[in-house]
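Trainee:
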Amino acid sequence: MIDVLVVDDDFMVARIHRGFVERIDGFRVVGTASTGEEAVAAVDRLRPDLVLLDLYLPDMFGLDVVTRIRAARHDCDVLVISAAREAEAVRRAVRYGAVNYLLKPFGFDELRTRLEQYAARRTALRAAVVADQADVDRVLSRSGSPAATATTLPRGLSPETAELVERALREHEGTLSASECADRVGISRVSARRYLEHYAGSGRAEVTLRYGAAGRPERRYTWLA
61 MIDVLVVDDD FMVARIHRGF VERIDGFRVV GTASTGEEAV AAVDRLRPDL VLLDLYLPDM
121 FGLDVVTRIR AARHDCDVLV ISAAREAEAV RRAVRYGAVN YLLKPFGFDE LRTRLEQYAA
181 RRTALRAAVV ADQADVDRVL SRSGSPAATA TTLPRGLSPE TAELVERALR EHEGTLSASE
241 CADRVGISRV SARRYLEHYA GSGRAEVTLR YGAAGRPERR YTWLA
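Quick note on numbering: the numbering used here labels position 185 of the sequence shown as 245, and the sequence is numbered without any gaps.
1. In its own chain, which residues sit with a C-beta less than 6 Å from the C-beta of Ala158, not counting the 5 before and 5 after it?
2. Which same chain residues end up closer than 7 Å to Thr211 when comparing Cβ atoms and leaving out the 5 residues on each side of it in sequence?
3. In this structure, how does DSSP classify Asp135 when only helix, strand and coil are distinguished?
4. Does the distance from the C-beta atom of Leu110 to that of Leu123 stay below 8 Å?
5. Just list the alpha helix (DSSP H) runs in the region 218 to 278, keeping only unbroken ones of 4 residues or longer that don't cross its boundaries, in chain order.
6. Taking 7 Å as the limit between beta carbons, can you name the residues of its chain near Leu256, skipping five residues before and five after?
7. Below 8 Å CB to CB, which residues in the same chain sit around Ala252 once its five sequence neighbours on both sides are set aside?
8. Taking C-beta to C-beta, are Pro108 and Val126 nearer than 8 Å?
9. How many angstroms separate the CA atom of Asp70 from the CA atom of Glu97?
10. Go through the region 66 to 110 residue by residue and report every complete run of the alpha helix (DSSP H) that reaches 4 residues or more, in order.
11. Please indicate yes or no: does the CB of Glu257 lie closer than 7 Å to some heavy atom of the ligand COA?
12. Taking Met61 as the reference, give the member of Trp283, Tyr178 and Thr268 with the closest Cα.
13. I need the straight-line Cα distance from Trp283 to Asp104, nearest angstrom please.
14. Specify the secondary structure class of Arg145 as computed by DSSP and reduced to three states.
15. If you check the beta carbons only, do Arg78 and Thr95 fall under 8 Å apart?
16. My output table needs one value for Val150: the three-state DSSP class, helix, strand or coil.
17. To the nearest angstrom, report how far apart Glu176 and Glu220 are at their CA atoms.
18. Apart from the five residues on each side of it in sequence, which residues of its chain come closer than 7 Å, Cβ to Cβ, to Leu217?
19. Tell me, which residues are paired with Thr282 by DSSP?
20. Over the uninterrupted beta strand (DSSP E) stretch that includes Leu163, give me the two end residues.
21. Going by DSSP, what residues sit across from Ile62 in a beta bridge?
22. Thinking C-beta only, is Leu113 closer than 8 Å to Val67?
Listed below in structure tokens is the structure:
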């Protein structure tokens, strides 16, 4: 059983999220908190395995809670749930070790998918035996690294092409359009757009709009993770 602490300053939202978690097999909510200070105290008292952490708390920014609980040597995982769409918030969450970043508002199925992925990675990491580089690669792929793309791609997208698109974004300084990415990878613009939108939707790439003289603005992508 994975123990979860729900942190949100809106008690109705916290109640909804608690209800979502308690519908998922293998998870139970051990407490809720509405401020950063309450969250730090609750982690110390309840020792949860996972914290569902809102970023906009009344007394501190959510990622400052992560700093506090790490300083206290608590090793619980953190899944950010926030309306914060700024690229810097996503970058900081990644740097602080968040296992995922889920934008509000979201439905039950979206949270269930991410919690089930988390549970699978957690089980795999605990059972892992590392004897050589191949074992290291397998552990990293299960823990949400770029190699895990194959297990999280939507239907119709291939891990091989996803890796090429990711590499094109990582290695390019500045932004790329779908057409530019398609030329680099050697696929159609429509296909490139699907992969780019997948990465944008999962928080690993940022989308910006470039406005021209006429017509629709061009969507351009930058790698974040």
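Using N, Cα and C, we set each Cβ at its ideal position, and we do this for glycine too.
Mentor: According to the structure data:
1. Val138 and Val140
2. Residue placement at Thr211 cannot be trusted, given a pLDDT of 42 that sits under 50; what the coordinates show is reported in the next sentence. Here the set comprises nothing.
3. Note: Asp135 maps to coil in three-state DSSP.
4. no
5. Entirely contained in the region 218 to 278, the alpha helix (DSSP H) runs reaching 4 residues are, in chain order, 219 to 231, 238 to 245 and 249 to 261.
6. Correct list, in chain order: Val225, Ala238, Cys241, Ala265 and Tyr281.
7. So the list reads Val225, Ala238, Ser239, Cys241, Ala242 and Val245, once near-sequence residues are dropped.
8. no
9. One alpha carbon belongs to Asp70, the other to Glu97, and they sit about 15 Å apart.
10. 71 to 82 and 96 to 106
11. As far as ligands go, the structure on display features none, and thus does not contain the ligand COA.
12. With distances taken between Cα atoms, Met61 lies closest to Tyr178.
13. 35 Å
14. coil
15. no
16. helix
17. When the Cα atoms are used, Glu176 and Glu220 turn out to be separated by approximately 24 Å.
18. Arg254, Tyr255 and His258
19. Glu266
20. Asn160 to Leu163
21. Phe87
22. yes
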